[in-house]
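As structure tokens, the structure follows; a few thoughts come after it.
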Amino acid sequence: GEDCSNQIINTNSNLDVFVNAFSGNVEPSNFIVIFFSKVFDFLVRPSSVILLFSILATGIVLNTLKKLKKSTNKARKGFSQVTRERILRKQNDRCIYCRKNLTVIDYHHKNGNRSDNRENNCQALCPNCHAIKTRKNLIKN
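Quick note: the sequence shown uses our numbering, first residue 1, plus one each step.
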């Protein structure tokens, strides 16, 4: 009973050091040096090894997710000027749906993926047709 609870307390204090080290909360200069015997004792227990690997895996996953979040927060870019000019020329300055001459131009992503800025995914529309087309796509999904 008592030996088991003391062992759990010792394991938890050692784990705190590992968790802080792997989560980036401790600067290398502030890192507490654990004596080799304590580290060895900690690693000899199978449950501690599994827990250590779980902590490492969690740290790696969290770090990867953090990087992904940063990369997806970048501002989305629209169609390039060259693409817009080519599409407008191909459509003779007319809306692809109502065929009216375009004075105000909206550029539409055919496949709905606003990150797909390939020329074959671009259509020039009047604002009215663009609103209708976008609404239809929202209802479809």
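C-beta: ideal position from N, C-alpha, C; glycine also.
>> Can you tell me which residues form a DSSP beta bridge with Q81?
In response: DSSP links Q81 through a beta bridge to no other residue.
Point to revise | Bridge partner(s) assigned by DSSP for N101 | key: Within the DSSP secondary-structure output, N101 pairs in a beta bridge with R94.
| task | For my contact list, Q91 and A124 are in at a C-beta cut-off of 8 Å; report their separation, rounded to the angstrom. | result | That belief holds up - the Cβ atoms of Q91 and A124 are roughly 5 Å apart, short of 8 Å.
To the nearest angstrom, report how far apart C98 and K69 are at their CA atoms.
About 40 Å.
message: Determine whether the beta carbon atoms of I102 and D116 lie at a separation below 8 Å.
response: Reading off the sequence shown, one finds Leu at residue 102, where the question assumed Ile. Contact flag unset, no.
Can you tell me whether C129 is helix, strand or coil according to DSSP? Annotated three-state conformation of C129 is helix, per DSSP.
C-alpha distance - R118 paired with P127, whole-angstrom precision: Spanning the two alpha carbons is a distance of roughly 21 Å.
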